[in-house]
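Numbering-wise, my numbering comes out as the position in the first sequence, counting from 1, plus 29.
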Amino acid sequence: MNKIRTRFAPSPTGYMHIGNLRTALYAYLIAKKDDGDFILRVEDTDQGRLVEGAVDIIFNTLKQCDLKHDEGPDVGGNYGPYVQSERMKAGIYHKYAHKLVEMGKAHYCFCKEEDIQKQREQQGDSFYFVDPCKKLTKEEIEAKLSSNEAYVIRLNVEPEGTTSFTDEVYGTITVDNSTLDEMVLLKSDGFPTYNFANVIDDHLMEITDVVRGNEYLSSTPKYNLIYEAFGWDIPRYIHCPPVMKDEHQKLSKRNGDASFQDLLAKGYLPEAILNYIALLGWAPEEEREIYSLKELCQAFNVKRIGTTGAIFDIEKLTWMNGVYLRNMDMDKYYELVKPYIQEVIGTGFDYKLVANAIHDRVNILSEIKDMIGFFNKTDDYTADIYTNKKAKTDPELAKTILPIVLDTLSKTETFSNENIFNALSEKAKECGYKNITMMYPLQVALSGRSVAPGGATAIAEILGKEETLKRINEAISRL
RNA sequence: GGCCAGUUGGUGAAACGGUUAACACAUCGCCCUCUCAAGGCGACAUUCACGGGUUCGAAUCCCGUACUGGUCACCA
């Protein structure tokens, strides 16, 4: 069996959105599952729609996701992407288009846009373009060519019969040839159409498995006609269901929907994003959802790709991101979280202790900011937040509790979480309070919040004895 | 409009003719607990878009209807 070769073939027209990335992921996984090759090819044949920097975004996104491609032109010792506009300069597409004309499988067309429009108006809904240029004699064509008349090259298609192909996901699909038009292969600006360049390159690059979005499902027979015209083998097709924004709309860059870059900026991890999107439209055999890229390579199976659009659910991604953060090696976690913590509280506090305090509650990195703001300065609050059902506390009780806490802590020598906790628990027992009745007012005094990360004693440790006592005093004076 | 495809809970989904219709997110309870989380436990689709068939038996097979999406470019 030939080595599996897949490719990701985006056009550089903007940001990389999640649906795109998932297609890249699937292409990668399909190749890597069988130790095959993954290729990156930029399809920039529409010069009008190019977006500055889009190639870099694609390139960097794949890099950040660790979706490495296996070959490409040499760029400073690394593999760059194949770029179709570069390949065009070498005359590849031009050559193959003209070869098809020689073979009698394609023809020159000199029609203007108005000519086609006219037919469209005459025929109405059941429009099928009949190209008058097909009847041109050799001499007429030569004459037009030598007078530099603009032309395109169109594939010859007989409108009789049917064409069918088998997609690995959607099964066998048959269409009427009368629905297939004589598509343009080479545009009048000399560029190949996407369809044509795509087929030529897939063949030349020996792509065995074409992985792409299901919007190409209905044009696949047209591609096959090109393969057949050349007498080339048709690849396996794997059309992926769309990733949706909601029930009706696909995820798109135009609406500013979740792009990979946006998610990164919000503090989602590439590994978590990849893991999550793998599950949109594909289901593993095992009852498990957390997979590293490597594990995904093993577990992936084309047969389990679904056929329905999947709605992108940021809540589940958020949960999964939290799982990654919690399961991560602690040193790695500290490094990751350090800049977010220090951005808010500077270097005055031990960032590792803060990191520990928020470890179980951070799902996305951008949440950290709001979580720890009170370390700098106690939040503004009103006394009514001392009222807590579970702790059975209220502002009145706080007036008696807080001085006890102050007294206890001022006598605590080694100001560690454990020591503080033990001292306070003991005191609580002595006074006949539940722990929480002591702890909750302390938390409020230190943070100004009814909800704070880590627990009151952990906060006290981080703040240090001096600051802790100061804040308790302030709190008492406010009551 | 023609053609192609899809339709299991709020969401991702499993099930390959016979199960109480898995599992996960979300939601809601309870437990644990120094708040919130995290963790543990439990609840949550009398039903698989609808209507007919086939079958002892259908979410699973067949037909029709409805709805949704895709596609009909010198865009990808």
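By construction, the Cβ of each residue, glycine as well, lies at the ideal position given by its N, Cα and C atoms.
Quiz item: In terms of alpha-carbon separation, which member of Lys-32, Leu-91, Arg-34, Asp-64 lies closest to Ile-47?
Solution: Considering only alpha carbons, the answer is Leu-91.
Self-check item: The beta strand (DSSP E) enclosing Tyr-137, as first and last residue numbers
Solution: 135 to 138
Self-check item: As assigned by DSSP and simplified to three states, the class of Val-204
Solution: strand
Practice problem: Taking only the alpha-carbon atoms, compute the straight-line gap between Lys-218 and Tyr-266 and give it to the nearest angstrom. | Solution: Reading the sequence as shown, one finds Asp at residue 218 and not Lys. Looking at the two C-alpha atoms, the distance is approximately 30 Å.
Quiz item: What are the residues that DSSP puts in a beta bridge with Tyr-108?
Solution: Bridge partners of Tyr-108: Asp-103.
Practice problem: Sort out for me which residues DSSP pairs Asn-417 with in a bridge. | Solution: Thr-422
Quiz item: Expressed to the nearest angstrom, what Euclidean distance is found between the alpha-carbon atoms of Asp-408 and Ala-474?
Solution: Taking the straight line joining both Cα atoms gives about 10 Å.
Self-check item: Beta-carbon contacts of Lys-61 that lie in its chain and below 6 Å, excluding the five residues immediately before and after
Solution: Cys-326
Quiz item: Closest to Ile-319 by CA distance: which of Met-357, Gly-296, Gln-290 is it?
Solution: Ranking the options by Cα distance to Ile-319, first place goes to Met-357.
Quiz item: Is Thr-74 closer than 8 Å to Ala-226 when the C-beta atoms are compared?
Solution: yes
Quiz item: Given a threshold of 16 other Cβ atoms within 10 Å of its Cβ, counted over all protein chains shown, does Tyr-157 qualify as buried or as exposed?
Solution: exposed
Quiz item: Hey, quick one: how far does the beta strand (DSSP E) through Gly-242 stretch, first residue to last?
Solution: It spans 238 to 242 - the beta strand (DSSP E) in which Gly-242 sits, taken as one unbroken run.
Exercise. If I'm right that Tyr-137 touches Ile-86 with Cβ under 8 Å, what's the distance once you round it to whole angstroms?
Key: No, Tyr-137 and Ile-86 are not in contact; Cβ-Cβ is about 38 Å, not under 8 Å.
Quiz item: Among the residues of its own chain, which have a CB less than 7 Å from the CB of Thr-249, if the five just before and after it don't count?
Solution: Phe-194, Tyr-266
Quiz item: Cβ of Ile-491 within 8 Å of Cβ of Val-383?
Solution: yes
Practice problem: Figure out for me which residue from Lys-381, Lys-421, Lys-32, Phe-67 has the closest Cα to the Cα of Ala-487. | Solution: Lys-381
Quiz item: Bridge partners of Val-213, per DSSP?
Solution: Arg-183
Quiz item: Between the region 341 to 357 and the region 305 to 324, are three or more C-beta pairs nearer than 8 Å?
Solution: yes
Quiz item: The alpha helix (DSSP H) with Asp-399 in it runs from where to where?
Solution: 397 to 401
Quiz item: How long is the line joining the alpha carbons of Leu-293 and Ala-307, rounded to whole angstroms?
Solution: 17 Å
Self-check item: C-alpha distance - Pro-470 paired with Phe-403, whole-angstrom precision
Solution: 15 Å
Practice problem: Could you tell me which residues DSSP pairs with Leu-69 in its beta bridges? | Solution: Phe-37
Quiz item: What three-state label does DSSP hand Cys-94 in the structure shown?
Solution: coil
Practice problem: Express the C-alpha separation of Thr-222 and Leu-215 in angstroms, rounding to a whole number. | Solution: 6 Å
Self-check item: Same chain, Cβ closer than 8 Å to Asp-196, five either side skipped, listed in chain order
Solution: Ile-202, Leu-246, Thr-249, Tyr-266, Ile-267, His-268
Quiz prompt | For Asp-196, the first and last residue of its enclosing beta strand (DSSP E) | solution = Its beta strand (DSSP E) spans residues 191 to 196.
Quiz item: CA-CA distance, Val-112 and Ala-287?
Solution: 26 Å
Self-check item: Contact under 8 Å by Cβ, Val-366 with Leu-394
Solution: yes
Practice problem: Would you mind working out which of Glu-142, Pro-41, Asn-417, Asn-185 sits nearest Gln-472, comparing C-alpha positions? | Solution: Asn-417
Quiz item: What is the rounded straight-line gap between the Cα of Glu-396 and the Cα of Glu-300?
Solution: 18 Å
Quiz item: Should the region 492 to 504 be regarded as contacting the region 428 to 446, the criterion being three or more beta carbon pairs within less than 8 Å?
Solution: yes
Quiz prompt | Buried versus exposed, by CB contacts within 10 Å (16 or more), Asp-231 | solution = Classification of Asp-231: buried, given that the 10 Å Cβ count is 16 or more.
Practice problem: Determine the burial state of Pro-482: buried for a count of at least 16 other Cβ atoms within 10 Å of its Cβ, exposed for fewer. | Solution: buried
Practice problem: Hey, could you find the ends of the alpha helix (DSSP H) Cys-326 is sitting in? | Solution: 322 to 328
Quiz item: Using a Cβ-Cβ cut-off of 7 Å (strictly less than) and excluding sequence neighbours within five positions of Thr-497, which residues of its own chain qualify?
Solution: Leu-438, Leu-475, Ala-489
Quiz item: DSSP beta-bridge partners for Trp-311?
Solution: Ile-334
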